[in-house]
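Residue numbers (the numbering used here): 12 to 397. So the structure is just underneath, and the comments pick up after that.
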């Protein structure tokens, strides 16, 4: 805002102030702004602004100590079509004898501020004018309530009071309120289930859009004790395998003894009856190269020689529902290759044996009782062939 300094009482303003000291009402009516040059004119004799641009309603009146009062208004450029220099400022009041008069006046002269028209920069200024009221006891103003703006100090006082009131209200009601972290069942909330049902619609599978047509099983695993009956089945399979091995041993031993008797009867030289089992009993063995995914079928051969030639995944299979055993001699050459065993193979003791030593042959035995769904694996032994 331009540099107006102190506003000066006009002659009519001084007369009205004198009347106010005797009890006459000092009633401010409006504030005017203009762009006139004072020149050689005397402020004391002015009855109006030299060049009026806007007449503004009063939005603020605050009587202070020391015989002063603050009269305020708000200036905007919303309805100004032509820019002007804010040079004149005057406060008007109601004289009981003369009617409305120019009470006090100020002129910024060359220090006037330019107010642009609407459509350019937005201007909104709060204008507060300190006027002299002396000892007047009845100071009023014609205030337009639609123009009243809250001051920062007044707003803060109201905000503080509202906050304290809210705190007190909350404190008074806390004793009657439930704990913050409490819960309710749906049935305990009146009308909630009905409201939920009204929002829910049944949807059939055929109505679901962009749904997948196939579902791949997700990979997952289970501990042996999590599968009902598996631990007992493995124990039974192990015992059946032992019983089967014992029976086979007795059968092969009898066969050796019979062979000795027969050859002696023929008069030929043969080994003694205590010849070791594997010296007298032989199974046909099939040789397979170990690389990629390899499946050994116990229906085709009871024993396999698996020569490791690369990274290998080993699977076992059979179509028999009886107890089936399968021997595998895994041969690692000078360069050992890794091997992964099928998840259907469960190892005795729960640990997969290390078969990665170069120039070693590992004797492995596998037993199944359920058509190859599960195999029990054993490391019978290993030996260095380097």
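Idealized CB from N, CA, C, for every residue including glycine.
Rounded straight-line distance, which links the Cα of residue j to that of residue i
{"i": "residue 98", "j": "residue 112", "result": "20 Å"}
{"i": "residue 337", "j": "residue 218", "result": "52 Å"}
{"i": "residue 150", "j": "residue 175", "result": "34 Å"}
{"i": "residue 28", "j": "residue 178", "result": "48 Å"}
{"i": "residue 91", "j": "residue 66", "result": "12 Å"}
{"i": "residue 78", "j": "residue 148", "result": "10 Å"}
{"i": "residue 104", "j": "residue 16", "result": "20 Å"}
{"i": "residue 216", "j": "residue 225", "result": "14 Å"}
{"i": "residue 301", "j": "residue 239", "result": "35 Å"}
{"i": "residue 76", "j": "residue 146", "result": "10 Å"}
{"i": "residue 70", "j": "residue 102", "result": "13 Å"}
{"i": "residue 193", "j": "residue 232", "result": "39 Å"}
{"i": "residue 286", "j": "residue 261", "result": "With a pLDDT of only 43 at residue 286, under the threshold of 50, the placement of this residue in the model should not be trusted, and no figure is reported."}
{"i": "residue 364", "j": "residue 348", "result": "14 Å"}
{"i": "residue 139", "j": "residue 49", "result": "22 Å"}
{"i": "residue 160", "j": "residue 58", "result": "Only weak support exists for where residue 160 lies, its pLDDT of 49 falling under 50; the value from the coordinates is given anyway. Distance between the alpha carbons of residue 160 and residue 58 is about 30 Å."}
{"i": "residue 309", "j": "residue 376", "result": "12 Å"}
{"i": "residue 199", "j": "residue 205", "result": "12 Å"}
{"i": "residue 195", "j": "residue 209", "result": "20 Å"}
{"i": "residue 52", "j": "residue 20", "result": "14 Å"}
{"i": "residue 469", "j": "residue 25", "result": "Residue 469 lies beyond the residue range present for the chain, which begins at 12 and ends at 397; the question has no answer from this structure."}
{"i": "residue 182", "j": "residue 172", "result": "15 Å"}
{"i": "residue 297", "j": "residue 258", "result": "24 Å"}
{"i": "residue 220", "j": "residue 201", "result": "35 Å"}
{"i": "residue 397", "j": "residue 311", "result": "30 Å"}
Spatial neighbours of residue i in its chain, beta-carbon cut-off 6 Å, leaving aside the 5 residues before and after
{"i": "residue 74", "result": "80 and 150"}
{"i": "residue 332", "result": "382"}
{"i": "residue 31", "result": "37 and 147"}
{"i": "residue 129", "result": "88, 89 and 91"}
{"i": "residue 282", "result": "Caution applies to residue 282, whose pLDDT of 44 falls short of 50 and renders its modelled position unreliable; the model cannot decide the point."}
Residue j beta carbon less than 9 Å from that of residue i
{"i": "residue 329", "j": "residue 388", "result": "no"}
{"i": "residue 131", "j": "residue 86", "result": "no"}
{"i": "residue 340", "j": "residue 307", "result": "no"}
{"i": "residue 42", "j": "residue 64", "result": "no"}
{"i": "residue 152", "j": "residue 40", "result": "yes"}
{"i": "residue 245", "j": "residue 385", "result": "yes"}
{"i": "residue 68", "j": "residue 84", "result": "yes"}
{"i": "residue 374", "j": "residue 361", "result": "no"}
Identified DSSP bridge partners for residue i
{"i": "residue 358", "result": "388"}
{"i": "residue 20", "result": "115"}
{"i": "residue 136", "result": "86"}
{"i": "residue 307", "result": "327"}
{"i": "residue 104", "result": "39 and 112"}
{"i": "residue 249", "result": "Partner(s): none; residue 249 has no beta bridge."}
{"i": "residue 75", "result": "79"}
{"i": "residue 338", "result": "314 and 376"}
{"i": "residue 141", "result": "81"}
{"i": "residue 45", "result": "63 and 99"}
{"i": "residue 351", "result": "324"}
{"i": "residue 125", "result": "96"}
Own chain, CB closer than 7 Å to residue i, minus 5 neighbours either side, in chain order
{"i": "residue 395", "result": "370 and 371"}
{"i": "residue 47", "result": "60, 61, 62, 98 and 99"}
{"i": "residue 345", "result": "369 and 370"}
{"i": "residue 141", "result": "79 and 81"}
{"i": "residue 14", "result": "119 and 122"}
{"i": "residue 127", "result": "88, 94 and 134"}
{"i": "residue 106", "result": "23, 27 and 112"}
{"i": "residue 223", "result": "none"}
CB-CB length for residue i against residue j, believed under 8 Å
{"i": "residue 117", "j": "residue 18", "result": "4 Å"}
{"i": "residue 144", "j": "residue 72", "result": "Between residue 72 and residue 144 the Cβ distance is about 11 Å, and since that is not below 8 Å, they are no contact."}
{"i": "residue 366", "j": "residue 350", "result": "6 Å"}
{"i": "residue 96", "j": "residue 114", "result": "Rounded, the Cβ-Cβ distance is 23 Å, inconsistent with contact."}
{"i": "residue 353", "j": "residue 327", "result": "7 Å"}
Neighbourhood of residue i by C-beta distance below 8 Å, restricted to the same chain and skipping five residues each side
{"i": "residue 303", "result": "321, 322, 323 and 324"}
{"i": "residue 334", "result": "248, 251, 252, 255, 378, 379 and 380"}
{"i": "residue 313", "result": "294, 295, 336, 337 and 338"}
{"i": "residue 289", "result": "In this predicted model, residue 289 has a pLDDT of only 44, less than 50, meaning its place in the structure is not dependable; the value taken from the coordinates is given anyway. So no residue of the chain qualifies."}
{"i": "residue 207", "result": "197"}
{"i": "residue 299", "result": "305, 307, 315, 316, 317 and 318"}
{"i": "residue 22", "result": "55 and 56"}
{"i": "residue 242", "result": "235 and 236"}
{"i": "residue 34", "result": "148 and 149"}
{"i": "residue 359", "result": "249, 387, 388 and 389"}
{"i": "residue 343", "result": "319, 366, 367, 368, 369, 370, 371, 372 and 373"}
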